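Numbering (my numbering), first residue to last: 121 to 462.
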């Protein structure tokens with residue numbers, strides 16, 4: 121559909137989205153050239169813990185079995201061959217004041233990745249005065265905001281640190297990333313796509329979003345199909361979906377501003393929330409009246425992640441949730457296929 125450089129497809133995420141970004145980066149390492157984790161944790165962390173919350177808080181989750189699983193599953197074909205990871209770029213960011221997913225959890229992810237990725241390809245950033253927030257260096261729009269030192273909704277805060285910019289520079293190279301658009305209207309357009317059929321899964325909302333900069337839109341008179349564009353997937357944390365905080369994760373983090381000036385197409389998949397979006401956005405003018413799909417297993421029990429619109433890093437959608445073919449990851453990858461199709 122667009123002229124996307126297949127070597128420039130990356131993924132990032134915050135909190136539950138950060139766990140999911142690590143899953144995608146490892147299980148589909150032949151597709152993603154790099155990944156970034158903000159306040160997330162180790163791949164396959166929840167499987168062998170007494171409870172998944174051992175992968176959160178101030179815990180130090182065990183990584184021995186997850187490392188062995190990566191090696192085993194790579195050989196058996198449940199995930200891509202680990203040889204692809206040797207050329208992956210990885211950006212990790214944590215806050216020293218984060219007690220939701222503390223630095224100790226992120227350090228375990230770092231140690232886990234050292235088993236497969238050269239140390240020089242991994243960077244770890246700890247912000248001294250940051251809690252469980254997505255860090256920016258500008259004030260968000262509107263009245264709803266977080267302080268950098270507080271782990272409260274919408275979990276996006278001016279920490280005097282350009283999280284998206286530093287992440288993109290690491291994943292793509294400092295020399296290739298231009299300054300973000302800080303003034304004037306964005307030139308690109310935000311589109312809605314259906315998370316149904318091959319691009320849908322249990323625990324995903326009816327709709328996701330994608331942003332196309334004008335330079336990547338071949339129908340634009342100012343663009344050319346000769347321009348190779350990058351593709352980046354950005355995954356929100358729990359209670360950070362459009363259903364919960366409107367478009368703040370899309371618009372107030374820096375993603376679209378950098379995409380606009382750097383030929384980056386963005387995908388914003390959405391985890392499902394139990395309530396209608398209108399229940400959360402009655403004071404917003406951008407209410408698309410998105411409702412979640414009925415989030416029930418065939419046996420009649422409820423999918424747990426729907427209460428907070430969390431991507432599945434626990435195994436709620438099945439024991440193969442972090443393998444190739446895990447339903448949520450596969451739906452996201454299918455949307456990557458849609459964007460990269462000729």
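The C-beta atom is built at its ideal place from N, Cα and C for all residues, glycine as well.
Note that this is a predicted model, so its numbers are computed, not measured.
Nearest neighbour of residue i, chosen from the options [CA to CA]
{"i": "residue 365", "options": "320, 428 and 299", "result": "428"}
{"i": "residue 135", "options": "248, 274 and 207", "result": "274"}
{"i": "residue 316", "options": "454, 126, 145 and 149", "result": "454"}
{"i": "residue 283", "options": "322, 253 and 166", "result": "253"}
{"i": "residue 217", "options": "148, 255, 446 and 235", "result": "255"}
{"i": "residue 213", "options": "459, 326, 173 and 287", "result": "287"}
{"i": "residue 155", "options": "222, 182, 132 and 330", "result": "132"}
{"i": "residue 173", "options": "444, 433, 321 and 457", "result": "433"}
{"i": "residue 298", "options": "329, 374, 360 and 185", "result": "374"}
{"i": "residue 211", "options": "337, 246 and 192", "result": "246"}
{"i": "residue 544", "options": "149, 171 and 215", "result": "Residue 544 lies beyond the range of the chain shown here (121 to 462); nothing can be said about it."}
{"i": "residue 188", "options": "167, 171 and 206", "result": "167"}
{"i": "residue 264", "options": "423, 367 and 456", "result": "367"}
{"i": "residue 94", "options": "359, 192, 376 and 150", "result": "The displayed coordinates of the chain run from 121 to 462. Any statement about residue 94 would go beyond what the structure contains."}
{"i": "residue 191", "options": "220, 236, 224 and 231", "result": "236"}
Buried versus exposed, by CB contacts within 10 Å (16 or more), residue i
{"i": "residue 452", "result": "buried"}
{"i": "residue 234", "result": "exposed"}
{"i": "residue 128", "result": "buried"}
{"i": "residue 405", "result": "In this prediction, residue 405 has a pLDDT of 37, which is less than 50 and means its spatial position is unreliable; nothing more can be read from the coordinates."}
{"i": "residue 318", "result": "exposed"}
{"i": "residue 303", "result": "exposed"}
{"i": "residue 121", "result": "exposed"}
{"i": "residue 314", "result": "exposed"}
{"i": "residue 300", "result": "buried"}
{"i": "residue 248", "result": "exposed"}
{"i": "residue 197", "result": "exposed"}
{"i": "residue 322", "result": "buried"}
{"i": "residue 222", "result": "buried"}
{"i": "residue 296", "result": "exposed"}
{"i": "residue 293", "result": "exposed"}
{"i": "residue 171", "result": "exposed"}
{"i": "residue 271", "result": "buried"}
{"i": "residue 232", "result": "buried"}
Identity of the residues DSSP links to residue i by a beta bridge
{"i": "residue 77", "result": "With the chain covering only 121 through 462, there is no way to say anything about residue 77."}
{"i": "residue 137", "result": "Looking at the DSSP assignment, residue 137 forms no beta bridge with any residue, so it has no partner."}
{"i": "residue 234", "result": "According to DSSP, residue 234 bridges with nothing at all."}
{"i": "residue 177", "result": "221"}
{"i": "residue 132", "result": "156 and 354"}
{"i": "residue 310", "result": "331"}
{"i": "residue 124", "result": "349"}
{"i": "residue 387", "result": "330 and 353"}
{"i": "residue 428", "result": "Partner(s): none; residue 428 has no beta bridge."}
{"i": "residue 256", "result": "278"}
Separation of residue j from residue i, as counted between CA atoms
{"i": "residue 178", "j": "residue 226", "result": "10 Å"}
{"i": "residue 175", "j": "residue 165", "result": "6 Å"}
{"i": "residue 194", "j": "residue 202", "result": "6 Å"}
{"i": "residue 199", "j": "residue 152", "result": "13 Å"}
{"i": "residue 285", "j": "residue 369", "result": "15 Å"}
{"i": "residue 208", "j": "residue 393", "result": "32 Å"}
{"i": "residue 371", "j": "residue 362", "result": "11 Å"}
{"i": "residue 357", "j": "residue 262", "result": "20 Å"}
{"i": "residue 425", "j": "residue 437", "result": "9 Å"}
{"i": "residue 250", "j": "residue 141", "result": "21 Å"}
{"i": "residue 430", "j": "residue 137", "result": "8 Å"}
{"i": "residue 449", "j": "residue 123", "result": "23 Å"}
{"i": "residue 241", "j": "residue 130", "result": "14 Å"}
{"i": "residue 446", "j": "residue 440", "result": "5 Å"}
{"i": "residue 276", "j": "residue 238", "result": "31 Å"}
{"i": "residue 463", "j": "residue 312", "result": "What the structure shows of the chain is the stretch from 121 to 462, and residue 463 is not part of that stretch, so it cannot be assessed."}
{"i": "residue 126", "j": "residue 333", "result": "18 Å"}
{"i": "residue 257", "j": "residue 280", "result": "4 Å"}
{"i": "residue 459", "j": "residue 331", "result": "11 Å"}
{"i": "residue 204", "j": "residue 443", "result": "15 Å"}
{"i": "residue 391", "j": "residue 435", "result": "14 Å"}
{"i": "residue 463", "j": "residue 337", "result": "Any property of residue 463 remains undetermined from this structure, which presents the chain solely from 121 to 462."}
{"i": "residue 146", "j": "residue 278", "result": "30 Å"}
{"i": "residue 229", "j": "residue 161", "result": "5 Å"}
{"i": "residue 143", "j": "residue 220", "result": "20 Å"}
{"i": "residue 359", "j": "residue 423", "result": "15 Å"}
{"i": "residue 260", "j": "residue 269", "result": "15 Å"}
>> Contact between the segment 347-362 and the segment 375-389 is defined here as three or more beta-carbon pairs at a separation below 8 Å; is this criterion met?
In response: As far as the Cβ criterion goes, the segment 347-362 touches the segment 375-389, which means the pair count is three or higher.
> Given 8 Å as the limit, is there contact between the segment 372-380 and the segment 298-311, that is, 3 or more CB pairs closer than that?
Replying inline: With a cut-off of 8 Å, the segment 298-311 and the segment 372-380 count as touching, because enough Cβ pairs lie within range.
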